[in-house]
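Undergrad: Sharing a structure here in structure tokens format.
Residue numbers (our numbering): 150 to 256.
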């Protein structure tokens, strides 16, 4: 028996599920060398993962493939100052994705 709570759409709004999906997506980035990386909410994109801007572009595309138009990483990053981008954590991105998904569910 399948319930609404077990559908992928419903699960995608859970913070832990979103964080796990982002971590899995980061590990799949081509040429980033993150296959075995420990990724948590506190992981910094710049200092810990050493991602280049092209990696963020690739990540944005992968997130869009997974979540559709509901999540726009480019728009999120465009609103940040340079020092905020450098200090960006995986948890902050997960919070943004979760909020975006919830906003589209409520509308």
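We put the CB at the ideal spot given by N, CA and C, even for glycine.
1) Excluding the 5 residues preceding and the 5 following residue 168 in the sequence, name in chain order all residues of the same chain whose CB lies nearer than 6 Å to its CB.
2) Work out the CA separation of residue 209 and residue 199 for me, nearest whole Å.
3) Please report the distance separating the alpha-carbon of residue 251 from that of residue 194.
4) Please classify residue 223: is it buried, with 16 or more other beta-carbons within 10 angstroms of its beta-carbon, or exposed?
5) Between which residues of its own chain and residue 188 is the CB-CB distance below 7 Å, once the five residues before and five after are set aside?
6) Could you tell me which uninterrupted alpha helix (DSSP H) segments, each at least 4 residues in length, are contained entirely in the region 162–205, listed from first to last along the chain?
TA: Straight from the coordinates:
1) 243
2) 16 Å
3) 24 Å
4) exposed
5) Only 172, 175 and 239 meet the Cβ criterion.
6) Along the length of the region 162–205, whole alpha helix (DSSP H) runs at least 4 residues long occupy 164–176, reported in chain order.
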